[in-house]
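Numbering (UniProt numbering), first residue to last: 1 to 411.
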């Protein structure tokens with residue numbers, strides 16, 4: 001019986017030892033697969049500090065020169081730069097109000113013909129429309145009558161002058177003829193001025209009544225509004241067309257009260273639009289309103305921007321980043337420095353902000369910890385070292401190539 005109990009105890013000890021080993025094995029596997037609560041950027045920073053291969057984020061991508069050119073890849077060297085405070089606001093593109101004309105006739109008339117449509121480019125003095133007006137017809141008839149009276153008075157004066165030289169007529173007759181000629185000339189000038197005030201050149205009246213007259217463009221620009229059709233009645237109260245010079249545009253934004261101390265006239269600004277991702281447009285603040293809107297508690301600001309290529313369209317939404325007056329910190333009055341990369345350089349890989357670093361002839365994905373944004377760039381708090389070369393343009397092409405290679409490896 002004693003021998004039997006000993007064997008059973010040994011068996012129990014063996015089974016307990018095996019179970020203990022199995023539990024240790026399972027515990028180790030479970031610990032290896034337990035997800036970390038730290039972000040990739042924090043892990044990247046910790047690895048870099050310990051020298052334990054913090055930059056080994058993934059396989060480097062090797063590309064031939066022709067592939068680099070085709071993907072539009074551009075490199076930028078990371079260097080610490082002075083940090084300038086900025087203000088970012090939403091804005092709307094408007095036509096330059098100083099270079100916009102609401103074209104209307106000086107007198108009421110009916111639209112006879114239209115020579116301009118929406119979107120047309122026009123030149124200074126170009127005829128936009130021709131109107132038919134009763135008032136112009138009456139004025140041209142009065143001019144013809146004044147021209148006729150002036151010719152009669154001039155002929156009478158010539159005759160009187162010749163007779164007066166021969167002392168055939170009394171002086172009183174000569175003075176009367178002179179006065180009549182001056183009166184006829186005054187009437188002629190008045191008739192011509194009346195036509196000019198109506199917007200019609202007297203040269204258009206050539207011994208016949210003219211009732212039509214042109215409406216011309218005041219300067220070079222683009223027709224952005226058309227409010228009439230042929231046959232409709234036009235008056236001085238309503239424009240028939242709106243012409244705008246869109247070679248420069250205004251970016252209008254509303255500043256909160258907390259932003260007023262940072263924004264000044266003359267400050268540089270950059271604008272980004274959803275229509276042109278990855279691109280920035282430079283401008284300058286030209287106006288900050290003197291009054292606060294009591295309802296919105298904001299102040300209107302205006303950025304003037306060059307638009308010779310016509311890509312900026314009025315009423316488009318934009319995001320404007322305005323550089324404020326630099327706030328000097330300690331350190332001998334020098335501005336604080338930080339490293340930054342273009343916004344287009346950052347992509348998301350597995351939910352983590354990542355840039356591609358060019359090292360050893362390849363493009364290596366590197367997790368970073370991004371900071372604040374300023375003027376189309378993002379400050380990098382950790383993950384990069386000064387002097388490294390990052391992909392400033394073409395990051396999405398590299399991301400697509402990396403994901404494609406990972407899918408191929410899985411299969």
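Note that beta-carbon positions come from the ideal geometry of N, C-alpha and C, so glycine has one too.
For residue i, does the count of other Cβ atoms within 10 angstroms reach 16, so buried, or fall short, so exposed?
| i | result |
| --- | --- |
| residue 360 | exposed |
| residue 222 | buried |
| residue 281 | buried |
| residue 29 | For residue 29, the pLDDT reaches just 38, beneath the cut-off of 50, and the residue's location in the model is therefore unreliable, leaving the point undetermined. |
| residue 152 | exposed |
| residue 179 | exposed |
| residue 291 | exposed |
| residue 95 | buried |
| residue 249 | buried |
| residue 283 | buried |
| residue 261 | exposed |
For residue i, collect the residues of the same chain with a Cβ closer than 7 Å to its Cβ; drop the 5 residues on either side in sequence, then sort them by chain order.
| i | result |
| --- | --- |
| residue 149 | 184 and 187 |
| residue 27 | Confidence is the limiting factor: at residue 27 the pLDDT is only 41, short of 50, which leaves the residue's position unreliable and the question unanswerable from this model. |
| residue 147 | 188 |
| residue 62 | 361 and 362 |
| residue 40 | The pLDDT assigned to residue 40 is 44, lower than 50, so where the model puts this residue is not dependable, and the model offers no usable value. |
| residue 35 | Model confidence at residue 35 stands at a pLDDT of 36, short of 50, so the residue's coordinates are unreliable and nothing is read from them. |
| residue 310 | 246 |
| residue 259 | 87 |
What residue range is occupied by the uninterrupted beta strand (DSSP E) comprising residue i?
| i | result |
| --- | --- |
| residue 254 | 248-256 |
| residue 377 | 377-382 |
| residue 320 | 317-323 |
| residue 340 | 337-342 |
| residue 296 | Residue 296 -> no beta strand (DSSP E), and no H or E assigned at all. |
| residue 241 | 241-244 |
| residue 214 | 212-216 |
| residue 414 | Nothing in the structure corresponds to residue 414, since the chain is present only between 1 and 411. |
| residue 358 | 352-359 |
| residue 287 | 281-288 |
| residue 229 | Per DSSP, residue 229 belongs to no beta strand (DSSP E) and is neither H nor E. |
| residue 100 | 100-103 |
| residue 89 | 86-95 |
| residue 111 | 109-114 |
| residue 365 | 362-367 |
| residue 268 | 268-272 |
| residue 238 | Looking at the DSSP string, residue 238 is not in any beta strand (DSSP E), and its letter there is neither H nor E. |
| residue 349 | 347-349 |
| residue 77 | 74-77 |
Taking the CB atoms as reference points, tell me whether residue i and residue j lie closer together than 8 Å.
| i | j | result |
| --- | --- | --- |
| residue 285 | residue 319 | no |
| residue 478 | residue 253 | For the chain, the structure presents residues 1 to 411; residue 478 sits outside this window and is missing. |
| residue 109 | residue 234 | yes |
| residue 213 | residue 131 | yes |
| residue 356 | residue 398 | yes |
| residue 247 | residue 111 | no |
| residue 315 | residue 92 | yes |
| residue 87 | residue 263 | yes |
| residue 177 | residue 157 | yes |
| residue 257 | residue 297 | yes |
| residue 345 | residue 275 | no |
| residue 387 | residue 379 | no |
Could you pull out every residue in the same chain whose Cβ sits closer than 6 Å to the Cβ of residue i, ignoring the five residues on either side in sequence?
| i | result |
| --- | --- |
| residue 358 | 75 and 389 |
| residue 354 | 347, 365 and 367 |
| residue 135 | 107 |
| residue 267 | 285, 322 and 323 |
| residue 192 | 202 |
| residue 99 | 245 |
| residue 101 | 218 and 243 |
| residue 287 | 302 |
| residue 395 | 345, 347 and 356 |
Name the two residues that bound the continuous alpha helix (DSSP H) containing residue i.
| i | result |
| --- | --- |
| residue 174 | 171-197 |
| residue 151 | 134-165 |
| residue 69 | 65-71 |
For residue i, which residues of its own chain have a beta-carbon under 8 Å away from its beta-carbon, when the five flanking residues on both sides are left out?
| i | result |
| --- | --- |
| residue 238 | 104 and 227 |
| residue 144 | 205, 207, 208 and 209 |
| residue 377 | 340, 341, 342 and 343 |
| residue 289 | 299, 300 and 301 |
| residue 122 | 116, 128, 217, 220, 221, 222, 223 and 243 |
| residue 198 | 106, 107, 133, 135, 136, 139 and 213 |
request  = Check whether the stretch 383-396 touches the stretch 358-367, taking contact to mean three or more Cβ pairs, one atom from each stretch, closer than 8 Å.
outcome  = yes
message = When you compare the stretch 73-93 with the stretch 340-352, are there three or more beta-carbon pairs, one atom per stretch, that lie closer than 8 Å?
response = yes
query = Are at least three pairs of beta-carbons, each pair with one atom in the stretch 227-241 and one in the stretch 139-147, less than 8 Å apart?
reply = Taking 8 Å as the limit for Cβ pairs, the verdict is that the stretch 139-147 does not touch the stretch 227-241.
Meets three-Cβ-pair contact criterion under 8 Å: the stretch 167-178 and the stretch 113-131 = The way I'd put it, the stretch 167-178 doesn't touch the stretch 113-131; fewer than three beta-carbon pairs between them come closer than 8 Å.
inquiry  = Tell me whether the stretch 159-166 and the stretch 232-244 touch, counting them as touching only if at least three CB pairs, one residue from each stretch, are closer than 8 Å.
reply    = Short answer: they don't touch.
task = Could you say if the stretch 62-73 and the stretch 304-315 meet the contact criterion of at least three C-beta pairs nearer than 8 Å?
result = no
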